[in-house]
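Student: For the protein sequence lines, the chains are C and E, in the order given.
Counted from 1, the first sequence has number 181 at position 181 by my numbering; the numbering is strictly sequential.
Counted from 1, the second sequence has number 1305 at position 305 by my numbering; the numbering is strictly sequential.
Built from N, CA and C at the ideal position, the CB exists for glycine as well.
All figures in this text were calculated on a predicted structure; none of them were measured in a lab.
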Amino acid sequence: MRDRLIFSAQLIFTLIVAAFLVVPAGMSITAGVTANYFRGIASGVTLQWVAQVWELYAPTILLSFVIAFATLAVTLIVGVPAAYALHVRGGRLSRIVEEIITLPLAVPGLAIALALLLTYGSFGEFRRSWAFILAGHVVFTMPFMVRSVMAVFATLDIKTLDEGAASLGASPWQRFRNVIVPNATPGILAGSLMVVTLSLGEFNLTWMLHTPLTKTLPIGLADSYASMRLEVASAYTLIFFVMIIPLLIAMQMFADKERAR
Amino acid sequence: MSAAAGHGASVRIENCGKTFADGTQALEPATLDIARGETLVLLGPSGCGKTTMLRIIAGLELPDAGGKVLFDGKDMTLVPIERRNVGMVFQSYALFPNMSVADNIGYGLKIRGVAGKERASRVAELVALTNITGLEDRRIDQLSGGQRQRVALARAVAIRPGILLLDEPLTALDAALRDRLRGELNRLLRALGITAIYVTHDQAEAMELGDRVVVMRKGAIVQIGSPREIYFEPKNRFVAEFVGAANVIEAPLADGHLILPGGRQPVDPAANLPAAVAMIRPESVGIVEARTAPLTGIIDSVSFVGDRQRLVVSGAAQKPLTVDAPNTIKLKAGERIGLSIAPGAVRLLPPEI
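So this is what it looks like as structure tokens:
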């Protein structure tokens, strides 16, 4: 009897917390398909706002994904070998480099953006292209990739595996490809998941770095909130959800499958 | 297995020391020659520098300036491990979790560009040699400790290395398995005829496997010799006590005898010293009738350990002596016994440094 009571209380508490998060999301989504938000759902259901958002922001949404996957590509190409080098080499210098890579976690995005603007703002072509935002996103997401890969290395004793492969005649590149990367896969997947979602949702930095022609999803969202009907902004949120949730689930499933292997 | 025989290289390390970045000296400059086909054991407690020396030979550590590593007379000091053609068995085995047993064993051959068919037959040969038939397709985490050890060994010798390096390969196993694998390893090393350098802190492994044993302590070589030499003729107290059980006693000497509380013990008459530190192995002490014996003591305790009984005898020397007696004599604590020790079994050691 007492156990049941405790269980029910826990269940109710959990449901309340979940509702606290889910209800606003639901409200926002329904607002996006309501004909007139102020008259409520009774005014009718429509996809006109969604269509309008798509018309206005399709390039923005597309660019967001291009930037997210470009960020992923850069963090993979740079971050995984960096994690390997930092782990195998060890020592004080490696610790310092690791701290520097991690710094963007503590420094506000606005400050990073300001520094990038001060340094590269005068390189017109670069400043105007989406590569500028890409640079910001890489700086911001790199620690997540490096850290999650290094965490796997630490549990695997990758240094001895590396030495084992070396003793069998494998060159550094062969070791990296045949032994390091396959064994670091869980960390690489976890890192990739973080990098893509962080890049897609990043606002602070991107807001400072964007130009009217280089906007990403969250910037477009802020834009629509600030300048358009509430229904349009909500429809935008709906599109954001539809875009990002399947991506998240797919990557999570991929990661789970890899881990179970 | 003749396929890999005759591939051994000779090794010489010249003046190889190792000081780490933080200033600790792991190894004092040492020079050592290892003959082709010889099994050399580096023996010592943890922190004695034996693993550092192995890693310098492997090419995983660079010796301090002035140190040189030569294989068959060729300077290999700056050659990285992947081009030294050494096989290495690590204490943790370092097997690749992302590959099957067969792929692990064949990895070095694959790197060397050996074609699939030849590789498969070579892997099969090694699987048979190391008694792991049937496990080829297993994943590494599906293997027991002993099986992993065999896979690691098969993988290391698959590449027909000139030198096989083994870093405490049996330490991670339980005692019974360790004994069995030690015997197997010994037969395998003899069969391969390969030059092997074996690091261990276990004196039983060193005795059984080594053609020669290098005893190390605090980064320095203390003694080099055959297992018999280091056991019967230890150079100092450290070697005497580290290699096997030993009674080390200090006593004055008078006309060829140690003067002990329990009597007089003859020693090698050539020793003409006023006092000595002497080492007596427990098994070299014979039990005799107390009345006629030159040296007597009282049994403190008797522990029956199966193949022998271990006695602690007090009153004979300044401190209690450990004595191994045959398991058939009836002895009990409190009894007075005579001790008979051949003069040649008393090893006089230099005074303590």
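In the DSSP assignment, find the alpha helix (DSSP H) that holds G136(C) and state where it starts and stops.
Tutor: That run of the alpha helix (DSSP H) goes A131 to L156.
Student: Would you verify that the beta carbon of F1090(E) is, or is not, closer than 8 Å to some beta carbon of chain C?
Tutor: At least one chain C Cβ lies under 8 Å of F1090(E).
Student: For Q1203(E), which option in V1157(E), R1178(E) and G1219(E) has the closest C-alpha, if you only look at C-alpha atoms?
Tutor: R1178(E)
Student: Taking a contact to mean a Cβ-Cβ separation below 8 Å, would you say G1047(E) touches I1194(E) in this structure?
Tutor: no
Student: Please go through the region 1022 to 1084 of chain E and give each complete beta strand (DSSP E) segment of 3 or more residues, from N-terminal end onward.
Tutor: 1025 to 1034, 1039 to 1043 and 1068 to 1071
Student: Is the region 47 to 57 of chain C in contact with the region 116 to 128 of chain C, if contact means three or more CB pairs nearer than 8 Å?
Tutor: no
Student: Assuming T206(C) and I188(C) form a contact by the criterion Cβ under 8 Å, report the distance between their Cβ atoms to the nearest whole angstrom.
Tutor: Separation of the CB atoms of T206(C) and I188(C) is rounded to 25 Å, and the pair is thereby denied contact status at 8 Å.
Student: Alpha carbon to alpha carbon, how far is V1323(E) from H1257(E)? Give it in angstroms, no decimals.
Tutor: Using only the alpha carbons, I get a separation of about 20 Å.
Student: For V1285(E), which of A1275(E), A1276(E), R1291(E) and T1296(E) has the nearest alpha-carbon?
Tutor: Minimum Cα distance to V1285(E) is reached at T1296(E).
Student: How would you list, in chain order, the residues of chain C whose beta-carbon sits under 8 Å from the beta-carbon of I1081(E)?
Tutor: E163, A166 and S167
Student: Measuring CB to CB, does L1042(E) end up less than 8 Å from I1197(E)?
Tutor: Their beta carbons are under 8 Å apart, which means L1042(E) touches I1197(E) by this criterion.
Student: Go ahead and label A1240(E) buried or exposed: buried means 16 or more other beta carbons lie within 10 angstroms of its beta carbon, across all protein chains shown.
Tutor: buried
Student: Starting from L1260(E) and walking both ways along the beta strand (DSSP E), at which residues does that stretch end?
Tutor: DSSP places L1260(E) in the uninterrupted beta strand (DSSP E) bounded by H1257 to L1260.
Student: Kindly say whether G1108(E), judged by its beta-carbon, lies nearer than 8 Å to any beta-carbon of chain C.
Tutor: yes
Student: Per DSSP, which residues does A1325(E) bridge with? Please list them.
Tutor: Q1309(E)
Student: DSSP three-state label for S1144(E), please.
Tutor: S1144(E) falls in the coil class under three-state DSSP.
Student: Nearest to T141(C) by alpha carbon, out of G191(C), L93(C), G164(C) and Y57(C)?
Tutor: G191(C)
Student: Which residue's Cα is closest to the Cα of S148(C): K257(C), R128(C), Y84(C) and A31(C)?
Tutor: Y84(C)
Student: So is R1112(E) in contact with chain C if we call contact Cβ pairs under 8 Å?
Tutor: Judged by the 8 Å Cβ criterion, R1112(E) is in contact with chain C.
Student: In three-state terms, what does DSSP make of L1164(E)?
Tutor: strand
Student: Taking the DSSP output, what are the residues bridged to L1339(E)?
Tutor: L1339(E) pairs with I1287(E) and L1295(E).
Student: Residues of the region 1156 to 1169 of chain E with a CB closer than 9 Å to any CB of chain C: list them in chain order, please.
Tutor: A1156, A1158, I1159, P1161 and L1165
Student: Quick check: the Cα distance between V232(C) and M27(C), rounded to an integer number of angstroms?
Tutor: 14 Å
Student: Please list the residues of the region 1031 to 1043 of chain E that have a C-beta atom closer than 8 Å to any C-beta atom in chain C, keeping them in chain order.
Tutor: Among the residues of the region 1031 to 1043 of chain E, none has a Cβ less than 8 Å away from any Cβ of chain C.
Student: Anything in the region 97 to 110 of chain C with a Cβ closer than 8 Å to a Cβ of chain E? List those residues in chain order, please.
Tutor: none
Student: Taking the alpha-carbon of L1126(E) as reference, which of S1100(E), L1153(E), G1344(E) and I1140(E) has the nearest alpha-carbon?
Tutor: L1153(E)
Student: Which residues bound the beta strand (DSSP E) around P1252(E)?
Tutor: N1247 to A1254
Student: Any idea which residues DSSP pairs A166(C) with across the strands?
Tutor: Beta-bridge pairing links A166(C) to no other residue.
Student: Tell me the DSSP secondary structure of E1205(E) in three-state form.
Tutor: helix
Student: Rounded to whole angstroms, what's the CA-CA distance from Y37(C) to I239(C)? Just pull it up for me.
Tutor: 18 Å
Student: Anything in chain C within Cβ reach of V1086(E), meaning under 7 Å, just list it in chain order.
Tutor: S167
Student: May I have the straight-line CA-CA distance separating L1189(E) from I1299(E), to the nearest angstrom?
Tutor: 44 Å
Student: With a CB to CB cut of under 8 Å and the five nearest residues on each side skipped, what residues in its chain are close to T1133(E)?
Tutor: For T1133(E), same chain residues with a beta-carbon under 8 Å away, outside a window of 5 residues either side, are V1127 in chain order.
Student: Under a Cβ-count criterion, where at least 16 other Cβ atoms within 10 Å of its own Cβ denotes burial, should A9(C) be classed as buried or exposed?
Tutor: exposed
Student: What's the C-alpha gap between L11(C) and R1139(E)?
Tutor: 42 Å
Student: Could you tell me whether the Cβ atoms of I29(C) and T237(C) are closer together than 8 Å?
Tutor: yes
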